[in-house]
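**Student:** Each residue of the sequence shown is one higher than the one before, counting from 0 in numbering that gives the first Met the number 0. Here a beta-carbon is modelled for each residue, glycine too, at the ideal position from N, C-alpha and C. From a predicted model like this one, the values you see are computed outputs, not experimental measurements.
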Amino acid sequence: MEQRKPGLRQHFQKYRLEIRHLTVLFVLLLVFQLVIWFVHKTSIQDVLVSTQEWYQQDSAERLANLTTTSLELLLESQGRGQKLTDNDVQRIVQDFNIILSQQILHQNVQEVCLLARHDSSIIAIDDGRDLYSFMFRGVHTIPPSRVSHSRAIELYTALEPEMSRAEQIRTIVEEKQTFHVFVPFVPRGELVGAVYMRNTPDFSFITREMIASNDRATLIYSGLILLGMLAMYSISSLTLGERDKTQKLLLEEQREHLEEQIAHQKEMLFTKRIYHTHHKAEKVMGFIKEDLRMLSADTIKDGAYRITKYANFIARVIYDMKWYDPPVETIRGQMFQTNVNELIKFVVKNIFCRVPEGGDSHQFKLDLDPSLPFVHINEFVVWEVLEPIIQNCVDHSGVEPLVISIQTSYDPARRETTIAIADNGVGVDPRLLQRDEKGVQILFHEHVSARQSGAKEHSGYGCYISHEIATGRCGWRLEAANIESGGCKFTIVIPQQT
Numbered sequence: 000m001e002q003r004k005p006g007l008r009q010h011f012q013k014y015r016l017e018i019r020h021l022t023v024l025f026v027l028l029l030v031f032q033l034v035i036w037f038v039h040k041t042s043i044q045d046v047l048v049s050t051q052e053w054y055q056q057d058s059a060e061r062l063a064n065l066t067t068t069s070l071e072l073l074l075e076s077q078g079r080g081q082k083l084t085d086n087d088v089q090r091i092v093q094d095f096n097i098i099l100s101q102q103i104l105h106q107n108v109q110e111v112c113l114l115a116r117h118d119s120s121i122i123a124i125d126d127g128r129d130l131y132s133f134m135f136r137g138v139h140t141i142p143p144s145r146v147s148h149s150r151a152i153e154l155y156t157a158l159e160p161e162m163s164r165a166e167q168i169r170t171i172v173e174e175k176q177t178f179h180v181f182v183p184f185v186p187r188g189e190l191v192g193a194v195y196m197r198n199t200p201d202f203s204f205i206t207r208e209m210i211a212s213n214d215r216a217t218l219i220y221s222g223l224i225l226l227g228m229l230a231m232y233s234i235s236s237l238t239l240g241e242r243d244k245t246q247k248l249l250l251e252e253q254r255e256h257l258e259e260q261i262a263h264q265k266e267m268l269f270t271k272r273i274y275h276t277h278h279k280a281e282k283v284m285g286f287i288k289e290d291l292r293m294l295s296a297d298t299i300k301d302g303a304y305r306i307t308k309y310a311n312f313i314a315r316v317i318y319d320m321k322w323y324d325p326p327v328e329t330i331r332g333q334m335f336q337t338n339v340n341e342l343i344k345f346v347v348k349n350i351f352c353r354v355p356e357g358g359d360s361h362q363f364k365l366d367l368d369p370s371l372p373f374v375h376i377n378e379f380v381v382w383e384v385l386e387p388i389i390q391n392c393v394d395h396s397g398v399e400p401l402v403i404s405i406q407t408s409y410d411p412a413r414r415e416t417t418i419a420i421a422d423n424g425v426g427v428d429p430r431l432l433q434r435d436e437k438g439v440q441i442l443f444h445e446h447v448s449a450r451q452s453g454a455k456e457h458s459g460y461g462c463y464i465s466h467e468i469a470t471g472r473c474g475w476r477l478e479a480a481n482i483e484s485g486g487c488k489f490t491i492v493i494p495q496q497t
């Protein structure tokens, strides 16, 4: 009879597992765990110490750089040759003192000053009034400070040539704890000196606590890891494998559904933007062509002005078509100085009064407040808000002759500019003036139109865009209301920025 070869089970059955085997196995595992713990502790300690040293220097440089930037921005806010009153001088000195003294409140910051060269010597400034005299009045005779900055001057003397050449932050570390940080001080693009900060950040307690916590955790969990690792791994692997498989299928299904929704929404939004942009651009392009045909030596100045305005407006609406959420700096900022009155005059005269037919079917009455301040909004963004509202009055009034009244006013007490656009038409359905749960009038919803008849496929998008731009991008308030004597009135409230 053929003899079968002993299997793996039979090989193990020949040996008896005795106490000495368990003892040797336990000792080996214990030694192995201790070696791992020691190597792990040493590695963590090295990483934490290196990270601590890097973070200490980085935090010291960031704090010094922030102080320098604050001083430079404060100086940049004061124009060259600008006449300053006593109150302005006092405010600037107070701002300098706040910036210089605020950093001393940090428990790790011991010294802050501005180092600058005058002739053959280096002066240290740590007082706001002295800094004002130095920067604005050219006074280089600085009284002695209450704090000695001799060490800072000594270090800066050695670093000055290199900093003048490279204009980069330099840090000198003493005893791995004290950081002497020198940040180039470059107001208005001219290197004046350096802002010095002596900082002694101490994060060693974090390292000690993390190492101690790691030691305790290692001692507690060593036994549990050795006894339960295999069982936990087996059970967890099976459970997590099934869960991951199910989640993967679910996420894949959700992703496909979401992609379909996004593609559909993008297609709808792009279609509406193309239609709305084409509608506005087509009308303005007709005006451009007409102006080009009528250009002459006598009309070239006015014609070029109108054509430039038209072209910039077309560029803006095309830009809005490309960007769903354009950057805020292209919409509002201190660099924009829009004269709302002049813009209203231009839009009324060169858009709504330039019609080939029916020019007498509507007329405009303007009551513009000359005290209206500038608005810090892009001129063509304001145009995009006003033009659809005025067009709504023209299209949906339902009467002839139509009279559209545009009034502007400014309330100095509330610091608010108000633009009122009204017509003598039939008004708006009162149901459209009701508000939804977000407080938005239904008239300004997408796909909602005040048109009584005719095609409504793309109606309502103009008021919707005006409301979205005015409230969402400009921070204004836009509301509509019916007038008792007849017609509708749109009110735009513009809070003036300080």
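Can you tell me whether M196 is buried or exposed, with buried defined as 16 or more other CB within 10 angstroms of its CB?
**Tutor:** buried
**Student:** Taking buried to mean at least 16 other C-beta atoms within 10 Å of its own C-beta, is H117 buried or exposed?
**Tutor:** exposed
**Student:** Please classify K308 as buried or exposed, where buried requires at least 16 neighbouring CB atoms within 10 angstroms.
**Tutor:** buried
**Student:** Please go through the same chain and pick out, in chain order, the residues whose beta-carbon is closer than 6 Å to the beta-carbon of L294, but skip the five residues on each side of it.
**Tutor:** G302
**Student:** Work out the CA separation of N481 and V316 for me, nearest whole Å.
**Tutor:** 30 Å
**Student:** Please classify G426 as buried or exposed, where buried requires at least 16 neighbouring CB atoms within 10 angstroms.
**Tutor:** G426 is buried by the Cβ-count criterion.
**Student:** Please work out which residues of its chain come closer than 6 Å, Cβ to Cβ, to E483, disregarding the five sequence neighbours upstream and downstream, and give them in chain order.
**Tutor:** none
**Student:** When you compare only the Cα positions, how much space is there between T490 and L99?
**Tutor:** 47 Å
**Student:** Let me confirm a value: R169 is counted as buried when at least 16 other C-beta atoms fall within 10 Å, else exposed. Which label applies?
**Tutor:** buried
**Student:** Can you give the Cα-Cα distance for S149 and E378, rounded to whole angstroms?
**Tutor:** 55 Å
**Student:** Determine the direct distance from the alpha carbon of L113 to that of D125, and round the result to whole angstroms.
**Tutor:** The C-alpha of L113 is placed about 6 Å away from the C-alpha of D125.
**Student:** Closer than 8 Å by C-beta to V283: which residues in its own chain qualify, once you throw out the five before and the five after it? Chain order, please.
**Tutor:** In its chain, beyond the 5 residues on either side, Y309, F312, I313 and I350 have a beta carbon closer than 8 Å to the beta carbon of V283.
**Student:** What are the boundary residues of the alpha helix (DSSP H) that includes N391?
**Tutor:** It spans E378 to H395 - the alpha helix (DSSP H) in which N391 sits, taken as one unbroken run.
**Student:** Under a Cβ-count criterion, where at least 16 other Cβ atoms within 10 Å of its own Cβ denotes burial, should V108 be classed as buried or exposed?
**Tutor:** buried
**Student:** Is it the case that the region 202-219 contacts the region 128-146, given that we only count it when at least three CB pairs across the two stretches are under 8 Å?
**Tutor:** no
**Student:** Residues in its own chain within less than 7 Å of T67 by CB, not counting five upstream and five downstream?
**Tutor:** V182, F184 and V194
**Student:** Considering only DSSP beta bridges, list what F95 is partnered with.
**Tutor:** According to DSSP, F95 bridges with nothing at all.
**Student:** For R187 and L130, I'd like the C-alpha separation in whole angstroms.
**Tutor:** 16 Å
**Student:** Please return the same chain residues whose Cβ sits closer than 8 Å to the Cβ of A123, not counting the five positions on each side in sequence.
**Tutor:** C112, L113, L114, I141, S144, H148, A151, I152 and Y195
**Student:** Kindly list the residues whose CB is nearer than 7 Å to the CB of G192, restricted to its own chain and excluding five residues on each side of it in sequence; keep chain order.
**Tutor:** L113, L114, A115, R116 and F184
**Student:** Give me the Cα-Cα distance between G332 and I493, rounded to the nearest whole angstrom.
**Tutor:** 14 Å
**Student:** Our contact map puts V374 next to T416 with C-beta atoms below 8 Å; I'd like the distance itself, whole angstroms only.
**Tutor:** So it is a contact: roughly 7 Å between Cβ atoms.
**Student:** How about I403 and D422: do their beta carbons lie closer than 8 Å?
**Tutor:** Contact check for I403 against D422 passes: the beta carbons are separated by less than 8 Å.
**Student:** How long is the line joining the alpha carbons of L16 and D214, rounded to whole angstroms?
**Tutor:** Confidence in L16 is poor, its pLDDT being 47 and thus under 50, which makes the residue's placement too unreliable to answer from.
**Student:** For P369, tell me which candidate among R292, D410 and V398 has the shortest Cα-Cα distance.
**Tutor:** Checking every option, the nearest Cα to that of P369 belongs to D410.
**Student:** For my contact list, I420 and C462 are in at a C-beta cut-off of 8 Å; report their separation, rounded to the angstrom.
**Tutor:** About 12 Å separates the two Cβ atoms, so there is no contact after all.
**Student:** Give me the residue from T470, C473, I376 and C487 with the minimum Cα distance to Q390.
**Tutor:** C487
**Student:** To which residues of the same chain is L158 closer than 7 Å at the C-beta, ignoring the five residues directly before and after it?
**Tutor:** For L158, the CB contacts under 7 Å within the same chain, skipping 5 residues up- and downstream, are R169 and F181 in chain order.
**Student:** Could you tell me the distance, in whole angstroms, from the CA atom of Q55 to the CA atom of Q77?
**Tutor:** Q55 and Q77: Cα-Cα distance of roughly 34 Å.
**Student:** Near W475, which residues of its chain fall below 7 Å by C-beta distance, leaving aside the five closest residues on each side in sequence?
**Tutor:** The answer, listed in chain order, is A469, I491, V492 and I493.
**Student:** Does DSSP classify D201 as helix, strand or coil?
**Tutor:** coil
**Student:** Going by CA-CA distance only, name the one from E341, A165 and Q44 that's closest to L385.
**Tutor:** E341
**Student:** How many angstroms separate the CA atom of E71 from the CA atom of I43?
**Tutor:** 41 Å
**Student:** Quick check on this structure: which residue in I343, D297, V381 and P372 has the alpha carbon closest to the alpha carbon of K498?
**Tutor:** Outside the modelled stretch of the chain, which goes from 0 to 497, sits residue 498, for which no answer is possible.
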